[in-house]
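Throughout, the numbering used here is defined as the position within the sequence shown, counted from one, plus 183.
For every residue, glycine included, the Cβ atom is placed at its ideal position computed from N, Cα and C.
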Amino acid sequence: DLEARQRRLRMPPSADYKDYELDLRNKSNELDRDRSKLLHALRLLNIPWGELSHVRNSVQGTFHENWRVQWQPEFAVAIIEANVWGNTIESAATASVRDAAAKADHLAELTELLDRAMLADLPDAVDDLLVHIQERAAVSADVRRLMDAMPPLARVARYGDVRGARAERVLPVVDNLYARIVVGLPMACASLDDDAANEMVESIERAQQAIDTLQHDDLRLAWQGALRAVMERDGIHGLVRGRCCRLLLEKGAVDEEELRRLAGLTLSSAVPAPEAAAWVAGVLRGGAQMMMVQDGLWLALDGWLAVLDGETFVALLPLLRRAFADFEAPARRTMGEKVKDLHHVAAAVASETSGGAVAEERARRVLPVLAQVLGVYYDDTNY
Numbered sequence: 184d185l186e187a188r189q190r191r192l193r194m195p196p197s198a199d200y201k202d203y204e205l206d207l208r209n210k211s212n213e214l215d216r217d218r219s220k221l222l223h224a225l226r227l228l229n230i231p232w233g234e235l236s237h238v239r240n241s242v243q244g245t246f247h248e249n250w251r252v253q254w255q256p257e258f259a260v261a262i263i264e265a266n267v268w269g270n271t272i273e274s275a276a277t278a279s280v281r282d283a284a285a286k287a288d289h290l291a292e293l294t295e296l297l298d299r300a301m302l303a304d305l306p307d308a309v310d311d312l313l314v315h316i317q318e319r320a321a322v323s324a325d326v327r328r329l330m331d332a333m334p335p336l337a338r339v340a341r342y343g344d345v346r347g348a349r350a351e352r353v354l355p356v357v358d359n360l361y362a363r364i365v366v367g368l369p370m371a372c373a374s375l376d377d378d379a380a381n382e383m384v385e386s387i388e389r390a391q392q393a394i395d396t397l398q399h400d401d402l403r404l405a406w407q408g409a410l411r412a413v414m415e416r417d418g419i420h421g422l423v424r425g426r427c428c429r430l431l432l433e434k435g436a437v438d439e440e441e442l443r444r445l446a447g448l449t450l451s452s453a454v455p456a457p458e459a460a461a462w463v464a465g466v467l468r469g470g471a472q473m474m475m476v477q478d479g480l481w482l483a484l485d486g487w488l489a490v491l492d493g494e495t496f497v498a499l500l501p502l503l504r505r506a507f508a509d510f511e512a513p514a515r516r517t518m519g520e521k522v523k524d525l526h527h528v529a530a531a532v533a534s535e536t537s538g539g540a541v542a543e544e545r546a547r548r549v550l551p552v553l554a555q556v557l558g559v560y561y562d563d564t565n566y
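Here it is in structure tokens:
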């Protein structure tokens, strides 16, 4: 069967590398689609004849695949081993997927298999996987696992039709899972330790990625409502609340004024310093560019750091430095410059009420501290 497909698709096995650029948009171009389906099906059978090097996206979906193929002698043995599943590529890949689905421990494994089965155009395997996913989701009480399962489902739902798959069958599953996620997320985020909070943030980011892929207004609004409930609820780990705040800020659901208010509340003296530091880490997670213009956040951070006692600051410094560690060196330097600008803003405001002398001296003491947090050089002579 494989040899017949190779001849029909004009893909002779060769020890030399050969590159294929496949356009999956044109329904009349069945050759490219069939080549893609064959290579994906072989990968499901652990015969990696082709390596997918690049996928290009458009508004309509993933439409362009770049494959590099090279035939290896050991593939002959792999074909014999795969024959236990069936005598054709389609039947063997279908049986292999069904076996993997029966052995899957988590919902995310099933949704990833669904994505791969869709790419290989295995309708019988897709039918079985949808049943498995619905059954597993119905009894799953782990909201984090539900969120982890969403990105592959979102890809199938958004881009399946571009490849000729029947993606509309996946949409009811997506709607059902997100309904359960939205209801259960605030409770699932309660009483987390540091490690569990970090895992929860990663799962929330995966669910956000899926929402961005789907571009479904009703789901987006419901999801943002769940993020806001987490962001505003007491008793939830600061990292999780901060990350939810940042995601809402990026989508325009939280404006600068609200961010300033939240920062003022979270970084007040009434909030334990470790919790406040975790919130800062969550807000800063995701890149520096957007945070450059958030003066309210920086002024609140400035004021919070200024009143920390030495012992508390030293204890929190590793967490704060990690919060800035993902930023590129130019971004950290820009932040260092921003600290100086914020000092002048704060000093000007303070001088209106105190004459400026005391505020000036307090601001001078804060600058080395902020420079240490940001990991940038500070020269007092250029103050």
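Around the Cβ of residue i, are there at least 16 other Cβ atoms within 10 angstroms (buried) or fewer (exposed)?
i      : result
Met301 : buried
Leu404 : exposed
Glu535 : Confidence at Glu535 is low in this model, with a pLDDT of 49, below 50, so its placement is unreliable and no value can be given for it.
Asp202 : exposed
Tyr200 : exposed
Glu494 : exposed
Ala291 : buried
Ile263 : exposed
Arg338 : buried
Pro256 : exposed
Val242 : Reliability fails at Val242, whose pLDDT of 39 lies under 50, so the model's placement of it is uncertain and no value is given.
Pro551 : exposed
Val314 : exposed
Ala321 : exposed
Ala324 : exposed
From the DSSP secondary-structure annotation, give me the bridge partner or partners of residue i.
i      : result
Tyr203 : Trp250
Gly233 : Val252
Ala373 : Ile419
Which residue wins for smallest C-alpha separation from residue i, given the options the options?
i      : options                           : result
Phe507 : Gln317, Met333 and Leu467         : Leu467
Leu305 : Met330, Glu433 and Thr271         : Thr271
Met475 : Trp487, Leu488 and Lys523         : Lys523
Phe246 : Tyr342, Pro256, Ala324 and Asp310 : Tyr342
Arg299 : Leu235, Glu264 and Asp288         : Leu235
Arg190 : Arg218, Gly465, Gly418 and Glu433 : Arg218
Leu503 : Cys427, Ala512, Glu458 and Arg545 : Glu458
Gly469 : Ala187, Gln392, Gln398 and Asn359 : Gln392
Val490 : Phe510, Arg548 and Asp438         : Arg548
Asp310 : Thr396, Val280 and Met333         : Val280
Pro501 : Ala460, Glu511, Gly519 and Phe510 : Ala460
Tyr361 : Glu385, Gly408, Glu382 and Asp376 : Gly408
Ser451 : Arg429, Lys434 and Leu484         : Leu484
Ser197 : Asp184, Phe258 and Gly519         : Phe258
Ala308 : Asp378, Gly465 and Trp268         : Trp268
Identify the continuous alpha helix (DSSP H) that holds residue i and give its terminal residues.
i      : result
Gln477 : From DSSP, Gln477 is part of no alpha helix (DSSP H); its letter is neither H nor E.
Phe510 : Careful: Phe510 lies outside any alpha helix (DSSP H) and carries neither H nor E.
Gly447 : Glu439 to Thr449
Leu404 : Asp400 to Glu415
Met194 : Segment: none, Met194 is in no alpha helix (DSSP H) and carries neither H nor E.
Thr277 : Ile272 to Lys286
Tyr567 : Outside the shown range of the chain, which is 184 to 566, sits residue 567, and nothing can be said about it.
Glu264 : Phe258 to Ala265
State the CB to CB distance for the pair residue i and residue j, rounded to an integer number of angstroms; the pair is presumed to be in contact (CB under 8 Å).
i      : j      : result
Ala224 : Ala276 : 4 Å
Ala284 : Leu296 : 6 Å
Leu431 : Leu480 : Between Leu480 and Leu431 the Cβ distance is about 14 Å, and since that is not below 8 Å, they are no contact.
Check whether the Cβ of residue i sits closer than 6 Å to any heavy atom of the ligand FMN, and report yes or no.
i      : result
Phe507 : Although the ligand FMN was asked about, the structure shown includes no ligands whatsoever.
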